[in-house]
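Data block below; observations after.
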Amino acid sequence: DLTAPPPFSLPAVPLHACVGGAGCGELLAAGGMVLNRVRAVFFDLDNTLIDTAGASRKGMLEVIKLLQSKYHYKEEAETICDKVQVKLSKECFHPSSTCITDLRTLHWEEAIQETKGGAANRKLAEECYFLWKSTRLQHMILAEDVKAMLTELRKEVRLLLLTNGDQQTQREKIEACACQSYFDAIVVGGEQKEEKPAPSIFYYCCDLLGVQPGDCVMVGDTLETDIQGGLNAGLKATVWINKNGIMPLKSSPMPHYIVSSVLELPALLQSIDCTVSMSA
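Counting in UniProt numbering, the sequence shown runs from 1 upward without gaps.
Dropping the structure here:
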């Protein structure tokens with residue numbers, strides 16, 4: 001049951017346009033209550049700041065080429081990659097019981113065996129996995145306009161990268177896209193007791209930056225983790241990056257704001273800062 005989300009995005013409001021000429025942090029709501037400015041922004045990584053899905057597709061294409069040219073597979077090559085993609089989407093990873101390399105090599109091994117039959121081919125599975133992984137990492141790039149946006153935002157607010165996932169996998173992505181210098185702190189879910197959407201990881205992030213949940217905005221592309229987590233933790237606002245204009249289920253968490261690109265965030269933050277609640 002799909003429904004179109006309401007238009008949450010607010011128009012950009014110049015800082016100098018705030019009521020009475022006051023800085024946004026000094027705005028008074030009705031009744032004289034000081035409104036808090038946004039002091040920190042938490043960013044998701046995958047498909048928010050970097051195109052992980054696109055990089056993964058490029059990795060799969062390289063594996064298809066390998067299977068077709070070196071091993072003379074035909075349509076089976078695409079079938080194997082499709083099967084691996086399904087396995088990745090259903091992946092349940094427990095660091096205490098296995099390592100991510102073994103788990104993902106097994107995805108390839110199973111997909112090859114399911115498609116081709118015969119005995120398991122661990123060597124080919126490893127070749128496919130490492131080609132996919134290395135190609136994917138090569139294409140995980142922080143775009144120049146995103147770098148510029150982060151640089152400018154950091155002059156005004158504190159920035160934190162909050163990403164779910166296996167420690168090794170996420171740290172390799174962070175290294176590949178060289179994003180460390182743009183953030184005041186980086187938190188990887190796989191290194192914590194709980195991941196998004198658990199409130200505890202958001203409170204940990206707040207402690208790292210010396211801010212309160214009501215000072216913070218969460219920005220991400222996944223309703224069930226980024227947005228639900230921000231709502232669970234009582235953040236000031238949640239911003240959903242909806243690149244493809246998809247319509248969420250009625251049962252999905254409802255973000256405060258929706259944008260189609262992370263580059264729309266600076267204007268939106270100005271709007272959040274300059275919006276006066278008349279309910280007081």
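Just so it is clear, CB atoms sit at the ideal spot from N, CA and C, and this is done for glycine as well. The structure presented is a predicted model; accordingly, all values stated were derived computationally and were not measured.
Do residue 281 and Leu67 have their C-beta atoms within less than 8 Å of each other?
-> Past the boundaries of the shown model lies residue 281; the chain is included only from 1 to 280, so the question cannot be answered.
Residue interval of the alpha helix (DSSP H) (run including Thr115) | 100-116
Mark residue 285 as exposed unless 16 or more other C-beta atoms lie within 10 angstroms of its C-beta, in which case mark it buried.
-> Here the chain has residues from 1 to 280 only, and residue 285 is not among them.
Limits of the beta strand (DSSP E) - the one that Tyr257 falls within | 257-259
Identify whether Ile141 lies in helix, strand or coil by the three-state DSSP scheme.
-> coil
Out of Thr98, Gln170, Glu144, state which residue places its alpha-carbon closest to the alpha-carbon of Leu45.
-> Gln170
Whole-angstrom distance between Thr79 and Val86, CA atom to CA atom = 11 Å
So what does DSSP say about Ser158, is it helix, strand or coil?
-> Inspection of the sequence shows that residue 158 is occupied by Arg rather than by Ser. If DSSP states are grouped into helix, strand and coil, Arg158 belongs with the strands.
Where does Arg122 land, buried or exposed, given buried means 16+ other C-beta within 10 angstroms?
-> exposed
State the Cα-Cα distance for the pair Ala22 and Thr98, rounded to the nearest angstrom.
-> Low local confidence applies: a pLDDT of 37 at Ala22 is under 50, so the model's placement there is unreliable, and no value is given.
For Pro199, I'd like the list of residues in its chain whose CB is within less than 6 Å of its CB, leaving aside the five on either flank, ordered along the chain.
-> Asn232, Ala233
Just list the alpha helix (DSSP H) runs in the segment 211-258, keeping only unbroken ones of 4 residues or longer that don't cross its boundaries, in chain order.
-> 228-232
List the residues that DSSP assigns as beta-bridge partners of Phe42.
-> Leu160, Met218
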